[in-house]
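Residue numbers (this note's numbering): 376 to 850.
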């Protein structure tokens, strides 16, 4: 009837789709190239499809024939194309009683592997394994697959609102509001935290906006597990693998060494969070050269209040309080740390974003609070690290405002001033929220930091006390 994947190389396939055993099928090869691209993989050995049909399968994953999926997509009609990439083309389809007797009518997305594309049999099989094994509200459900002759197809649940990338960067879409972006960020973080939280963690390895899909209610789910790989266990600190992924999203230590950990995914999450906050792509060659890489350009600005205000996506103006934006910016800053152990875990990221979400929920129906709201502590910054220059500037501005109409008196007072700077109490009321201290800190501990705190910003200007190393990716 056809050929498919070798059971001689993977006898465990006869039992179940256990992702812990995927690596015995998907042997990694060393690559001298540090380019972040999915290299084409040669096919694996052949075996009769009937044997795969009889012995493989996991849970609710269905095995479809090519003719069934051709019928579901109306012979792969061009107007039903949802998107395409290095793997091939994705079609919208419907599987119902006319396609398979007794099957409840279900809208689906059918991914057709391009045999000349970037994704090979190994990536296809990895996706069947991982999505076939897992079930989580924030992972796209794999409904089934087809492996017949040279045909490799995957059948997913249909996600009506498409990808996050489309909504952030394509002009045909309405501007995505702050609250929606934060809810999507939380959903995606929960999906990654689930993958990392197993007995043997699974590293997603290709976290980006185009792989975050949205259903009709804008619930976010991770898709495309072709590059997913099992992480280190026991005494292992990392797994070594060829460098694969998407330029702009891959962690610098992974690009340079091929060493992969769950914290590599955290870096990718930080890039996506930055894209959602600023409204720019991770890599954009149409911008000035120093702004090609969003991380290299924006990360140093995240810890400076006035600079942060200028780079936040202007389309969200008036939809958020600035302290909340600072909390999210500081979280992105930490996820993008050059030191993997300086990044939070995804479970810690979920905790922080849940607090942001609670604030959004509590503010619904209340008068707008655009410039000050409860801070979420990620960095415990010493008080003496607060920018004294900013205090001085604001105090001077306040004095000038109080003495408006008396220019001679102001000038005379400035000449006579020899003592200490004016008290911070003299700040103008319009700018006070930007300096407001928040002493209710929630410290999150990192398992890799020997009990030390993951620092946080209790208020907007206390960001200056956090670590602000430059971020760059060298390849």
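Even for Gly, the Cβ is constructed at its ideal location relative to N, Cα and C.
Computed from a predicted structure; not experimentally measured.
Can you tell which of 474, 443 and 623 has its C-alpha closest to the C-alpha of residue 643?
623
Between the stretch 690 to 699 and the stretch 549 to 559, are three or more C-beta pairs nearer than 8 Å?
Between the stretch 690 to 699 and the stretch 549 to 559 there are three or more inter-stretch CB-CB distances shorter than 8 Å, so the stretches are counted as touching.
Measure the CB-CB distance between residue 572 and residue 722 and report whether it falls below 9 Å.
Yes.
DSSP on residue 725, reduced to helix/strand/coil?
helix
Do the stretch 495 to 505 and the stretch 536 to 553 meet, that is, are 3 or more Cβ pairs less than 8 Å apart?
no
Three-state secondary structure assigned by DSSP to residue 463:
strand
Outcome for residue 800 when other beta-carbon atoms lying within 10 angstroms are tallied against a minimum of 16:
The pLDDT assigned to residue 800 is 46, lower than 50, so where the model puts this residue is not dependable, and the model offers no usable value.
Anticipated Cβ contact below 8 Å, residue 544 with residue 656, distance rounded:
With a contact defined as Cβ atoms closer than 8 Å, residue 544 and residue 656 qualify at about 6 Å.
Under 9 Å between C-beta atoms of residue 580 and residue 603
When the beta-carbon positions are compared, residue 580 and residue 603 come within less than 9 Å of each other.
On the criterion of 16 or more Cβ atoms from any shown chain inside 10 Å, does residue 640 qualify as buried, or is it exposed?
Residue 640 comes out buried.
For residue 468, the residue or residues it bridges with in DSSP:
Secondary-structure assignment with DSSP links residue 468 through a beta bridge to 483.
At a cut of 8 Å, does the stretch 613 to 632 reach the stretch 519 to 527 through at least three beta carbon pairs?
no
What is the rounded straight-line gap between the Cα of residue 682 and the Cα of residue 437?
A direct Cα-to-Cα measurement between residue 682 and residue 437 gives close to 52 Å.
Note down, in chain order, each residue of its chain lying with its Cβ closer than 7 Å to the Cβ of residue 541, except the 5 sequence neighbours on either side.
Close CB contacts of residue 541 within its chain, under the 7 Å cut and outside five residues either way in sequence, are with 548 (chain order).
Within its chain, find whatever has a CB closer than 6 Å to the CB of residue 607; leave out the 5 residues flanking it on each side and keep chain order.
613 and 614
Spatial neighbours of residue 455 within its chain, please: CB distance less than 8 Å, with the 5 preceding and 5 following residues excluded, ordered by chain position.
448, 449, 466, 467 and 468
Quick check: the Cα distance between residue 439 and residue 645, rounded to an integer number of angstroms?
38 Å
Skipping 5 residues on each side, what residues in its chain have a beta carbon closer than 6 Å to that of residue 724?
Only 564 meet the Cβ criterion.
Burial state of residue 714, where buried means 16 or more other Cβ atoms lie within 10 Å:
exposed
Would you tell me roughly how many angstroms separate the C-alpha atoms of residue 802 and residue 696, rounded to the nearest one?
For residue 802, the predicted model reports a pLDDT of 44, less than 50, meaning its position is unreliable and no value from the coordinates is stated.
Does the Cβ of residue 716 have 16 or more other Cβ atoms within 10 Å, making it buried, or fewer, making it exposed?
exposed
Please work out which residues of its chain come closer than 6 Å, Cβ to Cβ, to residue 587, disregarding the five sequence neighbours upstream and downstream, and give them in chain order.
Excluding positions up to five away in sequence, the list reads 539, 563 and 595.
To the nearest angstrom, how far is the alpha carbon of residue 667 from that of residue 673?
10 Å
How close, in whole Å, do the beta carbons of residue 635 and residue 578 come, if the pair is a contact with beta carbons under 8 Å?
6 Å
In the DSSP output, what is residue 730 paired with across the bridge?
According to DSSP, residue 730 bridges with nothing at all.
Of the residues 678, 685 and 728, the one placed nearest residue 712, counting alpha carbons only
678
Starting from residue 673, follow its DSSP beta bridges and name the residues at the other end.
Paired residue(s): none; residue 673 is not in a bridge.
What is the DSSP secondary structure of residue 532, reduced to helix, strand or coil?
Note: residue 532 maps to strand in three-state DSSP.
When DSSP builds the beta bridges, which residues end up paired with residue 604?
Partner residues in the beta bridge of residue 604, as assigned by DSSP, are 578.
With DSSP as the reference, please indicate the residues paired to residue 437 in a beta bridge.
519
Hey, out of 660, 567, 609 and 680, whose CA is closest to residue 719's CA?
567
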